[in-house]
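Participant: What follows is a single structure, and I will ask about it in a moment.
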Amino acid sequence: MGKDSGVHRFEPFFLLAYIVLKSTLTDESHDWHPVLTMLKEQIEEFTGHTFNSLLCNLYRNEKDSVDWHSDDEPSLGENPIIASLSFGATRTFEMRKKPSP
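Using this note's numbering, the first residue of the sequence shown is number 593, and each one after it goes up by one.
And the structure:
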């Protein structure tokens, strides 16, 4: 049996020029679906920030969750700016400072 990845939810992840699905990065260029582009643009207008990626999580019930992790994949760039949308069951979005190396 494989190692638990800590991802217990439906997670499509959209990055300009990349698609990540279930934590698997593919180096394939894809255009964003118009609805995703609209969502990203509305988030940018609301926040005043520009994002290079969009994470959409669907929490189906109380069993879906995300473990602590770092968004430090090289493909995201040196300082990624990720918009995150959560759907379904309510969750508290928590962040913590990454410890110094």
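Here a beta-carbon is modelled for each residue, glycine too, at the ideal position from N, C-alpha and C.
On the DSSP bridge list, what partners appear for Ala681?
Facilitator: DSSP, once it has assigned bridges, lists no residue as partnering Ala681.
Participant: Let's see if you can read the secondary structure: which residues bound the beta strand (DSSP E) around Leu647?
Facilitator: Following the DSSP letters along the chain, one finds Leu647 inside the beta strand (DSSP E) bounded by residues Ser645 to Tyr651.
Participant: Quick one: using the 10 Å Cβ neighbour count with 16 as the cut-off for buried, is Asn649 buried or exposed?
Facilitator: buried
Participant: Going straight from the alpha carbon of His625 to that of Asp664, what length do you get?
Facilitator: 25 Å
Participant: Between which residues of its own chain and Leu668 is the CB-CB distance below 8 Å, once the five residues before and five after are set aside?
Facilitator: Leu607, Asn644, Ser645 and Ile674
Participant: Output the distance between the C-alpha atoms of Lys632 and Leu677, rounded to the nearest integer angstrom.
Facilitator: 10 Å
Participant: Taking C-alpha atoms, which residue in Lys689, Thr639 and His641 lies nearest to Trp660?
Facilitator: Lys689
Participant: Give the DSSP-derived three-state secondary structure of Ile635 in the structure shown.
Facilitator: helix
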